[in-house]
Every structure is written in structure tokens, then in C-alpha cells.
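Read left to right, the sequence shown gives residues 1006 to 1257 (my numbering).
Note that the Cβ used here is the ideal one computed from N, Cα and C, for glycine as well.
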Amino acid sequence: MTNFLVHFRSPDLERLHKQGQFWHIFFCNGGVVISQNEKDIWTVHMPLSPDTNTELLDPYEVVFKVLGGSSRGHKIDIDEILVTSAWTGHICVAEHYGSNRGQVFLSGDVAHQNIPLGGYGMNTGLGDRFAIGWKLAAVINGYGGEELLNSYEIECHPVADRNVHMSGVHECLVDFTTEGNFASSFKEAASHLGIPIATVHLPNEQHARDLWERGVVLVRPDLHVAWRLNKGVTSLSDDAIKDILLIAVGKK
């Protein structure tokens, strides 16, 4: 569906803020008005029929029509028209997020397109770039393996799919145990493997431990939990810790 956008300045609409805090107002004619600064900057979107010639549209009349809802229109004082634009929402996701040989990766709008409402495209794109960024850094710096790059599509493609259908530089180990032996053991193993890691020991943070539901968690740079200690386990062998770290960075 094609929409026409008008971005404008109107102190006359400030009276709407007296009704309470809001961001979007939806009208029965399909139009939307958005408060951009909780003061005098506004944006309206008006849906158009496919045969509409957008070059003939008067932006002032578009604003009046959207604000009028089901009536003929509601005129207000507009100080300035800042931007006008016709846009068509596209809902699609690339079949793959990278080339077979790992030489090219897609992220953001080239990987998926969403309608702008809600900012899902921007947020999903930022997630893409954060995810592929730390994986590439890991491979370039020698502590990440080929499987780590392959995991980019496995992890991020379903997120874009879900959003469409519904429309760091180091690992971090958080240790909630009293002794803190896990933190030191993981840090030592990571050092031998050349994997940068930060450790946090929080023995008295019961509320945080309840949130994570485990005594020890390994958190990736993109804030995904890569591993959690099984309930009832009080120790891990050096080989087990090594395997956990290697799997987390795609080397096993």
C-alpha cells in the first residue's frame, strides 16, 4: 500500500498534549498523526489508492484530511511543511544472509524490509550489525572459527522472519556462586585459547541469579546467553570449560 507522509510544524496542535501523553493517534480513515517532539513537530501518514498521482497532492489538504477522520477535514494553522514523501511498505526477507564462501554478508534493509511503523526495520538492522560485527571481529582476530560466521544467518534470519510475519568485543561470564571459582577458571581457559573475556562475580545478587535461573551464565557480545550452568552442577573440568568456550566462538 502506498502512503503519503507530511512532516510539519504546528503549534496549533499543542493543545492535544493536554489530553495526556501519547505518540500515535489513529483515525478511522486509515490516517495516522505522530507527535515527534511532544511539542510542535508532527507527522501524518495517509493511505492512498493505487492510482493516486502523488504529485498532485496538496500537503496541507493531506494534513487536514487525516485530522478530520471520517469527516471532510479539520483545518489547523500550519507554520511550516518540513518534508513530504510518498512511500510504499515492503515486507520481505532475503533468502540468505551471506554468500556460500563467507565473503559477503547482508544486514539491515538489504537483508529485510519492514513497514516503518514501530521501528522494527531499524531495530532488526541494528541487531544484524551487532551480531555480524562481533563475529567478524572474532574471526579476524584469530579466536573465532568458520562456524561462527555461519551462525549469523541461523540466528538472525528467524528474527527478521518473525518480525515480518508479525507486522561487543568479548564474551562475559557472570558468576553468582559464593566462591567465584567458575569466573577464574573460565578466565584462565579463555586466556590460553586467546579468547577475550570479561568476568563478573556477583555472589550476593540473588535477584539477578533468580532472573538468569542459573549460578553461572556465559553472555555473548550481542547479549545473547551462549551457555548456562546446569542446575545441581558445582564444578566443571578444564576440558568442559574449554569446549564451552570453543563452541561459543564457533571453533567447535
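Is there contact between the segment 1198–1207 and the segment 1157–1167, where contact requires at least three CB pairs shorter than 8 Å? no
Does DSSP put residue 1203 in a helix, a strand or coil? strand
Residue 1246 burial status per 10 Å Cβ neighbour count (16 or more: buried): buried
Rounded to a whole number of angstroms, what is the C-alpha to C-alpha distance between residue 1087 and residue 1013? 5 Å
In or out: residue 1119 buried (at least 16 other Cβ within 10 Å) or exposed? buried
Is residue 1043 closer than 8 Å to residue 1022 when the C-beta atoms are compared? yes
Starting from residue 1156, trace the alpha helix (DSSP H) in both directions and tell me its first and last residue. 1151–1170
Alpha carbon to alpha carbon, how far is residue 1083 from residue 1167? 39 Å
Thinking C-alpha only, which one of 1136, 1249, 1031 is nearest residue 1048? 1031
Closest by C-alpha distance to residue 1252, when choosing among 1239, 1238, 1101, 1230: 1230
Taking the beta carbon of residue 1145 as the centre, do at least 16 other beta carbons fall within 10 Å, making it buried, or is it exposed? exposed
Just to confirm my understanding: we take residue 1222, look at its own chain, exclude 5 residues before and 5 after, and list those with CB closer than 6 Å. What are they? 1179, 1230, 1233
If you run the structure through DSSP and keep just helix, strand and coil, what is residue 1139? helix
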